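Visitor: Sequence positions in the sequence shown follow the working numbering and run 18 to 133.
Got a structure for you, questions after.
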Amino acid sequence: MLEIQDTLEQSNPFNPFILLYKQAYQIIMEKPEAECANITAHIAFDQTLDQSRYNLPTADEVAAVIPGDGEHNVVEDCDIVLQLKQFDHGGGLKHISYLYPLYSPLHYVLLFFFGE
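Put into structure tokens, the structure is as follows:
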């Protein structure tokens, strides 16, 4: 996770969204520890699926999580809710529809490193 964070911080001059929106780790760090104690992430593994396509990671870090099973268009069901950084824009949440032109650069920050 720290390697990914370092990469994102290095992209600040290129990707305008890094400075505008809070990242999940920033929100977690601001919350009291008691509220974050039960945060977990799970990787679902189904042995009946094709193991050459749906296998478990071989490393202990995950670099990307892509929603869906590859068969359905999940883009239409996935909107983004962003929290604005307090110091520039007064905080608060901003809803981004999948139709918004900047959906992909906001959803896949590591794929659109320069915010294109």
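Cβ coordinates follow ideal geometry from the N, Cα and C atoms, glycine included.
Quick caveat: nothing in here was measured; it's all calculated off a predicted structure.
Do you know offhand how far PRO118's Cα is from GLN43's?
Guide: 25 Å
Visitor: Going straight from the alpha carbon of SER114 to that of TYR120, what length do you get?
Guide: 7 Å
Visitor: Determine which residues share a DSSP beta bridge with SER111 and list them.
Guide: The question names Ser, but residue 111 in the sequence shown is Lys. Paired residue(s): LEU99.
Visitor: Rounded to whole angstroms, what's the CA-CA distance from LYS48 to LEU110? Just pull it up for me.
Guide: Note on geometry: alpha-carbon atoms of LYS48 and LEU110 lie some 16 Å from one another.
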